[in-house]
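*Asks:* In the numbering used here, the protein residues as written are 7 to 79.
Beta carbons are placed, not taken as given, at the ideal position from N, Cα and C, and that holds for glycine.
1. Nearest chain B C-beta to residue 55 closer than 8 angstroms, yes or no?
2. Do you know how far the Cα of residue 49 is from the Cα of residue 55?
3. From residue 29 to residue 22, what does the alpha carbon distance come to, in whole angstroms?
Here it is in structure tokens:
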């Protein structure tokens, strides 16, 4: 033996297992990221028309909390 093998057999096996798990986790991470993006898109599709309608509602309401006959601030 010249010592050219790096690490012991259990360490090499653990390293290979870690590599396999990291490779297997990459698609799961991609799916989670994609799902988060889809949820954000749906939230925007709901929120933007709602905000538009809320703004129209606020514009249609008369101004409140004004003193009758008093000067404007």
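*Replies:* Taking the geometry as given:
1. Here there is only one protein chain, and chain B is not present.
2. What you label residue 55 is simply residue 49 of the chain shown in a count that begins at 1. What you label residue 49 is simply residue 43 of the chain shown in a count that begins at 1. Residue 55 and residue 49 have their C-alpha atoms some 11 angstroms from each other.
3. For the purposes of this step, residue 29 is identified with residue 23 of the chain shown, where counting begins at 1. For the purposes of this step, residue 22 is identified with residue 16 of the chain shown, where counting begins at 1. One C-alpha to the other measures close to 11 angstroms.
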